[in-house]
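Peer 1: Read left to right, the sequence shown gives residues -20 to -1, 1 to 227 (mature numbering (1 follows the signal peptide of the UniProt record, and there is no 0)).
Think of the CB as a built atom: it goes at the ideal place given N, C-alpha and C, for glycine as much as any other residue.
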Amino acid sequence: MSVLPVLASIVLMSALTAHAGVVINSTRIIYPQNDKEVTVRLESKNQVPVLVQVWLDRGDEHSTPGLTDIPFVATPPIFRMEPGKQHVVRLAYTGEALAPAQESLFWFNVLEVPSQPHGARHSNQLQLAFRTRIKLFLRPHNLPYAVEAAPAKLQWRRVSGEHGQALEVFNPTPYHLTFEQIDVQVSGQRHPRKSAASGPENMVMPGGRRRFELPTLSSFPGRTTNVVFQTLDDFGVTVSHNAEVLP
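Okay, here's the thing in structure tokens:
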């Protein structure tokens, strides 16, 4: 999940702690492809009313509602949220033909724009709009096994490159897998992967590969090496795994 501050207007900037006030009740959305709709619950932690707009995109952080071609309808697309209140957004899949044998990934966006405080029209102040994005996985019903079995099917191998030692993972499963932590175990020592620069670098797509640099590992030993890693499940909970690294 990511929160992107968008500058609405600025005249004078003073000390400010900025954060999104509209909270999504989950860190990801799982949409079973045969369902007519799924619901997403939002809650406002703001002290003032806010205008909220929702839409989906295919992975472009700079997307806007008018520039997206997405097989979903969000209802309502724009609404007002009062302080401390909740609101339900309904998402309906329109039936566009997608890859039948694997998940498809989309992103759900929530943009909140605070109302202007009373008497602030002529005052100098900073107003921020916040956009929160979480993943939506459209999941076909006829996949060959449950998502819980997918991490154990990942294939890991050691690789060397111009930046030193690294791990490469291949995902033969029909699921998108998101990593929280990746460590290689060598002689009782754990060597963590280099921190990812962005959210997409933490995920491997169905049929895809991803490389993770190991900055503290000078070389792989000749014997068998293990990787200890954590993935996020459908509820955003970390699950630990252990696998052998192939030469």
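1) What separation, rounded to the nearest whole angstrom, lies between the Cα atoms of A81 and E41?
2) Tell me whether V127 sits in a helix, a strand or coil according to DSSP, three-state version.
3) Going by DSSP in three states, P45 sits in which element: helix, strand or coil?
4) Give me the Cα-Cα distance between T112 and V90, rounded to the nearest whole angstrom.
5) Does the stretch 172 to 181 come within contact of the stretch 128 to 137, defined as at least 3 CB pairs closer than 8 Å?
6) DSSP three-state label for E142, please.
7) What residues match up with V149 in a beta bridge as DSSP calls it?
8) Reducing DSSP to helix, strand and coil, say where N26 ends up.
9) Taking just the CA atoms, how far does R137 sit from S(-7)?
10) Taking just the CA atoms, how far does V166 sit from G202?
Peer 2: With the structure as the only source:
1) Rounded to the nearest angstrom, the two C-alpha atoms are 26 Å apart.
2) Correct three-state label for V127: helix.
3) Reduced to three states, the DSSP call for P45 is helix.
4) T112 and V90: Cα-Cα distance of roughly 5 Å.
5) When C-beta atoms of the stretch 172 to 181 are compared with those of the stretch 128 to 137, fewer than three pairs fall below 8 Å, so the two segments do not count as touching.
6) E142: coil per DSSP, three-state reduction.
7) Under DSSP, the beta-bridge partners assigned to V149 are W136 and R190.
8) Reduced to three states, the DSSP call for N26 is coil.
9) Note on S(-7): pLDDT 32, under 50, position unreliable in the model; the coordinate value appears next. Distance between the alpha carbons of S(-7) and R137: 51 Å.
10) It is roughly 10 Å from the alpha-carbon of G202 to the alpha-carbon of V166.
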